[in-house]
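Chemist: Heads up, the sequence shown is in our numbering, so the first residue is 11 and it goes up one at a time.
Glycine residues also receive a C-beta, built at the ideal position from the N, C-alpha and C atoms.
Got a structure here, written out as structure tokens. Questions coming.
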Amino acid sequence: MGRRIVRVPLDFNAPLGEVWTGYLTPDRFQENPCPDCENGYSPQAQHLYSLWYGHLPFDPASTGSTPFTADTPAVRAVAERNVSRSPDYYLGRPSINWTDPAQHEADIAAARAATLAGYDQGRIDAATAREAQRLADFFNSGWSHHLNQDDVDALIAEGRLHDFTHTWTRGDGWQPIDPPVVPTAAQVNEWSLSGFGHDSINAHIAIRARCAREGMPVECATCGGHGSLEAYAGQRAEAEAWQPTEPPAGDGWQLWETVSEGSPISPVFDTSEGLVAWMSDPERGRDWVPGEVAAKFVADGWAPTGVVTSTDVMSGVEFVGTRED
Numbered sequence: 011m012g013r014r015i016v017r018v019p020l021d022f023n024a025p026l027g028e029v030w031t032g033y034l035t036p037d038r039f040q041e042n043p044c045p046d047c048e049n050g051y052s053p054q055a056q057h058l059y060s061l062w063y064g065h066l067p068f069d070p071a072s073t074g075s076t077p078f079t080a081d082t083p084a085v086r087a088v089a090e091r092n093v094s095r096s097p098d099y100y101l102g103r104p105s106i107n108w109t110d111p112a113q114h115e116a117d118i119a120a121a122r123a124a125t126l127a128g129y130d131q132g133r134i135d136a137a138t139a140r141e142a143q144r145l146a147d148f149f150n151s152g153w154s155h156h157l158n159q160d161d162v163d164a165l166i167a168e169g170r171l172h173d174f175t176h177t178w179t180r181g182d183g184w185q186p187i188d189p190p191v192v193p194t195a196a197q198v199n200e201w202s203l204s205g206f207g208h209d210s211i212n213a214h215i216a217i218r219a220r221c222a223r224e225g226m227p228v229e230c231a232t233c234g235g236h237g238s239l240e241a242y243a244g245q246r247a248e249a250e251a252w253q254p255t256e257p258p259a260g261d262g263w264q265l266w267e268t269v270s271e272g273s274p275i276s277p278v279f280d281t282s283e284g285l286v287a288w289m290s291d292p293e294r295g296r297d298w299v300p301g302e303v304a305a306k307f308v309a310d311g312w313a314p315t316g317v318v319t320s321t322d323v324m325s326g327v328e329f330v331g332t333r334e335d
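In structure tokens form, the structure reads like this:
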């Protein structure tokens, strides 16, 4: 994602800021919604999907898991983190000097900078207890936080849960632990309470594995798991065979963004110098870059959207235009 130089005809006039039509899948490939499912799952799998995300009443005991409480250490840790990070939200503003407006604002700023400093400990404890109870109720409402060992084994078999089974180092990336490690369901369930936890891939793996164990179909019989039906015979094959088309090539110079599928964001210029002058025009406001930076970027042809270094945050154009060759 970023910025790139595209050579187009001088009379190219695609709308600026709009995705190039050649990159958009044609509307004729839009299929009809399946009348018998929401997302390609069978009724049994859809029920499990709803349990996973807590859309239906869920009982932790159904998987042999122990419900979390407000006193569960992992739950309490998340509650303490939440309260410390957003004290104004959980506690309201601390005691401040209301008689002096200037001091009033200074007290607020100081309290926010010092996080929980300035708050009564009793209020902090009460807020943390309330938040812990809310979290426990939430975590107990879905299957995703109460897997059994069969669920965990299914995820391991599909190469998931790298936080337990692999180590990561710069250069080597993720490498399996030797001898192999298989976490317990309790360990995985506690892990799911913080950080990123499970994603939709894990959900699908667990649902599919449980359907297989219990002899239930995974896919909707009507649409075969697609979640939609062809509007005409052969539509899906046509859609799979479709390829995006690039804009026509020419002698012009134009700046495009690639954060979306790709769209032009500058006029077409007959020389690279014209595009450089446009990019370095002060009228461009926050998108302005010095001429030498723009020239180096245009010569390079591509830059990421932004770059974070050890000392700065800058646009990708600035990075490309100022880095050493």
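Judging by CA-CA distance, which residue of Asp160, Gln56, Ile215, Ala241 is the nearest neighbour of Val192?
Modeler: Checking every option, the nearest Cα to that of Val192 belongs to Asp160.
Chemist: Of all the alpha helix (DSSP H) runs that stay within the bounds of the segment 38-75, which reach a length of 4 or more residues?
Modeler: 53-62
Chemist: Let me know if Leu20 comes out buried or exposed under the rule of 16 or more other beta-carbons within 10 Å of its beta-carbon.
Modeler: exposed
Chemist: Measure the Cβ-Cβ separation of Ala313 and Val323 and say whether it is below 9 angstroms.
Modeler: In this structure, Val323 does not lie closer than 9 angstroms to Ala313 by Cβ.
Chemist: Could you check the C-alpha separation between Asp291 and Glu267 for me, to the nearest Å?
Modeler: 19 angstroms
Chemist: How close, in whole Å, do the beta carbons of Val29 and Gly272 come, if the pair is a contact with beta carbons under 8 angstroms?
Modeler: 6 angstroms
Chemist: Closest to Glu90 by C-alpha separation, out of Leu58, Ser75, Arg140, would be which residue?
Modeler: Arg140
Chemist: Where does Gly12 sit, in a helix, a strand or coil, going by DSSP?
Modeler: Assigned with DSSP and collapsed to three states, Gly12 falls in strand.
Chemist: For Ser210, does the three-state DSSP call read helix, strand or coil?
Modeler: Here Ser210 sits in helix by DSSP.
Chemist: May I ask you to report which of helix, strand or coil DSSP gives His176?
Modeler: Three-state result, His176: strand.
Chemist: Under 6 angstroms Cβ to Cβ from Thr138, same chain only, skipping five residues before and after it: list those, please.
Modeler: Ala89, Glu90, Val93
Chemist: So Glu200 and Ala71 are in contact, right, with Cβ under 8 angstroms, and what is the actual spacing, rounded?
Modeler: Actually they do not touch by this definition, with Cβ atoms about 18 angstroms apart.
Chemist: If you measure between the beta carbons of Ser154 and Ala243, is that distance less than 9 angstroms?
Modeler: Contact flag unset, no.
Chemist: Judging by CA-CA distance, which residue of Ala146, Val330, Thr315, Ala219 is the nearest neighbour of Arg13?
Modeler: Thr315
Chemist: Terminal residues of the continuous alpha helix (DSSP H) containing Gly235?
Modeler: Run containing Gly235: none; DSSP gives neither H nor E here.
Chemist: What are the partner residues of Ala313, as DSSP defines its beta bridges?
Modeler: Arg13
Chemist: Closer than 7 angstroms by C-beta to Thr177: which residues in its own chain qualify, once you throw out the five before and the five after it? Chain order, please.
Modeler: Gln185, Ile187
Chemist: Tell me which residues share the same chain as Glu240 and place their Cβ nearer than 8 angstroms to its Cβ, disregarding the 5 neighbours each side in the sequence.
Modeler: Glu41, Asn42, Arg246
Chemist: Using a 10 Å radius around the Cβ and a threshold of 16 neighbouring Cβ atoms, would you call Asn23 buried or exposed?
Modeler: exposed
Chemist: Which stretch, first to last residue, makes up the alpha helix (DSSP H) that contains Ser270?
Modeler: First-last for Ser270: undefined, no H or E at that position.
Chemist: Taking 8 angstroms as the limit between beta carbons, can you name the residues of its chain near Val286, skipping five residues before and five after?
Modeler: Gly301, Ala304, Ala305, Val308
Chemist: Under the assumption that Phe279 contacts Gly295 (Cβ atoms under 8 angstroms), give the Cβ distance between them as a whole number of angstroms.
Modeler: Not confirmed; about 19 angstroms, so no contact.
Chemist: Among Asp98, Leu58, His156, which has the Cα closest to the Cα of Phe78?
Modeler: Distances from the CA of Phe78 to each of Asp98, Leu58, His156 were compared; the closest alpha carbon is that of His156.
Chemist: For the candidate residues Tyr33, Phe329, Gly169, whose alpha-carbon lies nearest to that of Val318?
Modeler: Phe329
Chemist: Provide the residue(s) that pair with Ser325 in DSSP beta bridges, ordered along the chain.
Modeler: DSSP lists Gly316 as the bridge partner or partners of Ser325.
Chemist: Helix, strand or coil for Leu126 per DSSP?
Modeler: Three-state DSSP puts Leu126 in coil, outside helix and strand.
Chemist: Can you name the residues that DSSP bridges to Gln131?
Modeler: Gln131 is not bridged to any residue.
Chemist: Let's see if you can read the secondary structure: which residues bound the beta strand (DSSP E) around Gly27?
Modeler: Gly27 -> no beta strand (DSSP E), and no H or E assigned at all.
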